[in-house]
Amino acid sequence: MKKINKKNRFILIQLPICIFLILLIFEILAYLLSDFRAIRHGLDRKVSYIENDNNNSFNDILLFGDSVTKDIVDEYNIYREKYGIVNMTTNRASGFIGAFLLYKKYTKKNKPPKYVVVSSTPHFITFFPEHKTKELYLTSVFNSKDEINFISKYYDKKEYSFFQNLKYKIKSIDLSILNIENNIIYPLLNILALVDTSDSLSIGKKIITEVKSTNRNSIINYNKVISNNNTKYSPIIISSFNEKLIEDFFRKLKDDEVKLFISWAPIKENYFRYLSSNNQLNMLENILKKKAMEINLDISFHNFSYPKPFPNQAFRDEDHLKLGYWRNYYAFLLRNYIENKVF
Amino acid sequence: MLFNSEIFLYFFLPLCLVLFYIIKGSRYRLETLILSFFSLLFYAWDEPKWLILLLISIVSNYFFAHKIYKDNRRYILTIGIIFNISLIAWFKYRYFIANTFLGSNIENNLFIPLAISFFTFQQIAFLVDIYDKSIKPLKFLDHLFFVSFFPQLIAGPIVLAKDIVPQINKMKDKQIINSFILGVFVFFVGLFKKVFLADNLVPYVNIGFNNIYNALTFIEAWSTISMFALQLYFDFSGYSDMAVGLGLLFGLRLPINFNLPYKSKSIIDFWKRWHITLTKFFTFYLYSPLSLYMSRVFSNNLIFLLIIPFLVTFILSGLWHGSDWKFVFFGLVNGVGLIVNHLWKFYKMPKLPYILGWLLTMMTILVSFVFFRANNMEEAMHFLSIMFNPSIFFSPHWLEQYIDIKFLKSAYIPLFSSGVFTVKYLVVFLFSFTLALKIPNVASINFKLKYNWYYASLLAILILFSIINLNKQVSFIYFQF
């Protein structure tokens, strides 16, 4: 038999064996860690906390919202000790469907609250994550068989093109190495107790500075805004899947005898004017009201941008409020709203 | 087309390799034809319209080269250089020139033809070398191949004809290619640097730069720009390694572009290790002639011999990167650094300890990188004002839970906003920094690949970890030039 040379042996024998062994090592590691959840972002933390908490507690309010509200609720203490409030705020990436799944997970282990407050930008209600975002914030977080089936109810089966389908089918071979972060690194961090999920449903500790109504007019902010005058805002579009999701979420709230409060979080003045001029927000509120009335769900609305919208320079980017005064101001408004309107 | 795209890795490259090796095994000498065809396809993939510009440039320079060689007249060389400069000036700098010199106020959002800086400068050097008689003009197909060869076309390394032409002839002589496995190895080292290291640093850099006007602090500014330095190095040296690796797959050795630059103990040392082919280009074709001319006209005055040639060279090399004042300042900071370094040596000042020299070098480089990364001059100046204002020093609010630091003000700061993220940031930074110093220069001719289990497992790791990170598809930073 002809002796194979060093180069051929390297490329035809040694390299494939090494690749196989590495794949095998990752499969074994992933198998050993399969009982531990990956903690990659705030939503993972909240889900992990709910899953591991067996207190069956009762809280008056579940507060949902996107990152605009999350920034504030994670930082400031909007709690006056007379009511229990659970911080369920996430970000837009998981959408309203993520909020619904989080609510279901919470009420599976705890008593339903008296009130659900959703304080978010309007797009949080209509956003459905897709592709990688869907995988990162939805299907890999709410990953039981029931939850996966539940999620698929709200998605068009033809959501992917032929090539995307092919790509996802290849990915469904599900080699552990293709998703090292989820299969190995994050579960490992979880085991090593490097990820703290203990207070992931609690609110921030910073004391809110009282704001007088005149303060806002005199605020001088030297920070420059990252301006982008060319921003093109997209209209609010409600799909049939979106309507179905709203109906199902509302029905669940009705069954649990929960009162729903929806408050629109601060948005840039430009965006507010855009929404107002197109009657977009009214349209969304009307649809939500109609869906609630059909099943007799108690619902009420509030808008933090009304009557005086937040100025553009209050934002550090397209959505989020600047540190300091403006965040404190929103925290102040949110606390007062919950105290005066919800209770 | 990007080297880190699936279409390139799974379709374009394998098809190109198979056809190339079939041709190579046959009696037909069509290697340059097949590679030129694939190179033009590669160039035209995303923006086919610029292919016409590339072809115009190649055809024109082909004729200039022959004319210069035949007549040996300086004015023909001058016309050739003016033609190339005009091409790049029109397609890359016309708004900048109009705004700077004609007082216009046009938004500088020109869509620049891919790789124009690279193929223009490569051909200017080619014409100069022809005039100097250091090389002969090429046959059209060889000229087309020399300029358009896809591994080096888009972002260098800037290849000189005298380095590559002898290799093209060898390639056509049907010599057996011994560098294929080495090429695979070098390519995957580059791909790993790009997709596993550089692309994973992007979010950390972006957080800092997105928060320039949102209470970014002193430490955060230095951390952000240091992280960007690592991102830029892995991105560009990764691309250069891939280019060298691809060249080796076809039996050609392209010049190296990087040699562990973050080990440099001085600015002079740094520019011998960073973007080596560009430095060589500017040294041979701008600095040296200019310095020589100055010394003839103004005698041996340091200002004319050293300072002015360096400033001109570095300002123009800065401008080569982009038509914006921020790139002029990028060049200027490095130019001033080099002048100081040369004057230090000239006046025989005491040699600095390695660590001090390294620190000063890195600080200069980081300052220049602020201009490189910032979106505009205003942003760069604001960022620098934070970097050089230690009073904007706050300890992150979460640290109060663990340590009571009375002498430091505490605040909610944007980059190190949580303990977990801060630890992650530090781990990523230290890991990347260690690799930047430790990954050997595999693209160098001195690197010898051993065909043993160690290198097989290393290559397996590089392949697997590169492929699983492919989906990000972040463009190469130097593609914009």
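Protein sequences appear in the order of chains V and D.
1 is the number of the first residue of the first sequence in my numbering; add one for each residue after it.
1001 is the number of the first residue of the second sequence in my numbering; add one for each residue after it.
All C-beta atoms in this analysis are idealised placements derived from N, C-alpha and C, irrespective of residue type, glycine included.
Minimum Cβ-Cβ distance from residue i to chain D less than 7 Å
{"i": "V/Lys6", "result": "yes"}
{"i": "V/Gln313", "result": "no"}
{"i": "V/Leu323", "result": "yes"}
{"i": "V/Ile191", "result": "no"}
{"i": "V/Ile246", "result": "no"}
{"i": "V/Arg316", "result": "yes"}
{"i": "V/Ile11", "result": "yes"}
{"i": "V/Leu178", "result": "yes"}
{"i": "V/Leu15", "result": "yes"}
{"i": "V/Ile19", "result": "yes"}
{"i": "V/Tyr222", "result": "Confidence at V/Tyr222 is low in this model, with a pLDDT of 38, below 50, so its placement is unreliable and no value can be given for it."}
{"i": "V/Ile22", "result": "yes"}
Cutoff 7 Å: residue i Cβ touching any chain V Cβ
{"i": "D/Asn1375", "result": "no"}
{"i": "D/Ala1215", "result": "yes"}
{"i": "D/Leu1399", "result": "no"}
{"i": "D/Leu1464", "result": "yes"}
{"i": "D/Ser1457", "result": "yes"}
C-alpha gap between residue i and residue j, whole angstroms
{"i": "V/Lys134", "j": "D/Asn1206", "result": "23 Å"}
{"i": "D/Phe1111", "j": "V/Ser48", "result": "48 Å"}
{"i": "V/Asp256", "j": "V/Leu201", "result": "20 Å"}
{"i": "D/Gln1152", "j": "D/Ser1134", "result": "22 Å"}
{"i": "D/Ile952", "j": "D/Glu1031", "result": "What is shown of chain D runs 1001 to 1481, which leaves residue 952 of chain D out entirely."}
{"i": "D/His1397", "j": "D/Gly1419", "result": "9 Å"}
{"i": "D/Leu1114", "j": "D/Gly1245", "result": "22 Å"}
{"i": "D/Ala1161", "j": "D/Lys1139", "result": "13 Å"}
{"i": "D/Thr1434", "j": "D/Ile1158", "result": "28 Å"}
{"i": "D/Ser1385", "j": "V/Leu334", "result": "36 Å"}
{"i": "V/Val225", "j": "V/Arg273", "result": "The predicted model places V/Val225 with a pLDDT of 41, which falls under 50 and marks its position as unreliable; any figure quoted below should be read in that light. Spanning the two alpha carbons is a distance of roughly 18 Å."}
{"i": "D/Leu1437", "j": "V/Ile267", "result": "46 Å"}
{"i": "V/Lys111", "j": "V/Asn59", "result": "8 Å"}
{"i": "D/Asn1376", "j": "D/Phe1209", "result": "12 Å"}
{"i": "D/Val1018", "j": "D/Ile1034", "result": "11 Å"}
{"i": "D/Phe1282", "j": "D/Arg1273", "result": "14 Å"}
{"i": "V/Asn183", "j": "V/Glu51", "result": "19 Å"}
Exposure of residue i, with buried meaning 16 or more beta-carbon neighbours within 10 Å
{"i": "V/Glu339", "result": "exposed"}
{"i": "V/Tyr330", "result": "buried"}
{"i": "D/Asn1469", "result": "buried"}
{"i": "D/Gly1103", "result": "exposed"}
{"i": "V/Tyr222", "result": "In this prediction, V/Tyr222 scores a pLDDT of 38, lower than 50, which makes its location untrustworthy; the coordinate-derived value is nonetheless stated afterwards. Exposed is the call here."}
{"i": "D/Trp1090", "result": "exposed"}
{"i": "D/Pro1414", "result": "buried"}
{"i": "V/Asn278", "result": "exposed"}
{"i": "D/Asn1084", "result": "buried"}
{"i": "D/Gln1175", "result": "exposed"}
Residue j beta carbon less than 7 Å from that of residue i
{"i": "V/Leu63", "j": "V/Ile85", "result": "yes"}
{"i": "V/Lys232", "j": "V/Tyr76", "result": "no"}
{"i": "D/Ser1148", "j": "D/Ser1264", "result": "no"}
{"i": "D/Val1367", "j": "D/Val1186", "result": "no"}
{"i": "D/Ile1276", "j": "D/Asn1341", "result": "no"}
{"i": "D/Leu1311", "j": "D/Gly1335", "result": "yes"}
{"i": "D/Gly1156", "j": "D/Phe1126", "result": "no"}
{"i": "D/Ile1219", "j": "D/Glu1379", "result": "no"}
{"i": "V/Lys70", "j": "D/Asn1214", "result": "no"}
{"i": "D/Ile1081", "j": "D/Ile1068", "result": "no"}
{"i": "D/Asn1061", "j": "D/Gln1123", "result": "yes"}
{"i": "V/Ser140", "j": "V/Gly65", "result": "no"}
{"i": "V/Ile22", "j": "D/Leu1464", "result": "yes"}
Three-state secondary structure (DSSP) of residue i
{"i": "D/Leu1399", "result": "helix"}
{"i": "D/Val1511", "result": "The requested residue 1511 of chain D does not occur in the structure, where chain D is confined to residues 1001 to 1481."}
{"i": "D/Tyr1287", "result": "helix"}
{"i": "V/Ser300", "result": "strand"}
{"i": "V/Lys252", "result": "helix"}
{"i": "V/Ile13", "result": "helix"}
{"i": "D/Ser1418", "result": "coil"}
{"i": "V/Val116", "result": "strand"}
{"i": "V/Tyr76", "result": "strand"}
{"i": "V/Ser263", "result": "strand"}
{"i": "D/Trp1453", "result": "helix"}
Residue i CB to nearest heavy atom of the ligand ATP below 6 Å
{"i": "D/Asn1389", "result": "Ligands in the displayed structure: none, and consequently the ligand ATP is not present."}
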